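Before any comments, here is the structure.
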């Protein structure tokens, strides 16, 4: 038995073509990770970032950010640098044929929603996170939260990135 805790140590830990599989020394080192299975790289990203000291309500109504206490939805700073480093490493390895990214939050809008918080990534498909996925040719971005299914294709003509919302 695993005493109630699921650990990824068997899957995660080995660098991906030299890049660390976790964003070490960031608040996300225990919740974002990358792992490889054969010719597929899967990257799971925690996109919930605490803003300020964590006890204030954060909301920027003009830009549509926040509104969830002291949490905003983005991937930025050292977390984004780690993510880009993993993608760059994967694209330098010809044996990695597919890259899938998963996170909780939809990016491209609109999506079908049902009994959902309705959270979305700050800056949507203009976010640095989305742009990095396009730059490095991520195949599919999986998300959830909305309790309904929607598939969307990126607007960029030179990209084949697809968002699939499935729960």
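In this note's numbering, the protein residues as written are 253 to 419. Built from N, CA and C at the ideal position, the CB exists for glycine as well. These numbers were taken from a predicted model, which means no experiment stands behind them.
Simplified DSSP state of residue i, which is helix, strand or coil
i: residue 381; result: helix
i: residue 324; result: strand
i: residue 350; result: strand
i: residue 429; result: Here the chain comprises residues numbered 253 to 419, so residue 429 is not present and cannot be evaluated.
i: residue 374; result: coil
i: residue 356; result: coil
i: residue 330; result: helix
Buried versus exposed call for residue i [16 or more other C-beta atoms within 10 Å across all chains shown]
i: residue 393; result: buried
i: residue 288; result: buried
i: residue 326; result: buried
i: residue 298; result: buried
i: residue 412; result: exposed
i: residue 376; result: exposed
i: residue 408; result: exposed
Beta-ladder partner(s) of residue i, from DSSP
i: residue 387; result: Beta-bridge pairing links residue 387 to no other residue.
i: residue 417; result: 395, 402
Test item: CB-CB of residue i and residue j under 8 Å
i: residue 417; j: residue 406; result: no
i: residue 395; j: residue 348; result: no
i: residue 341; j: residue 351; result: no
i: residue 385; j: residue 353; result: yes
i: residue 338; j: residue 380; result: no
Q. Where in the region 264 to 305 do unbroken runs of the beta strand (DSSP E), each at least 3 residues long, occur, reported from the N-terminal end onward?
A. Within the region 264 to 305, the complete beta strand (DSSP E) runs of at least 3 residues are 285 to 289, 292 to 296, 300 to 302.
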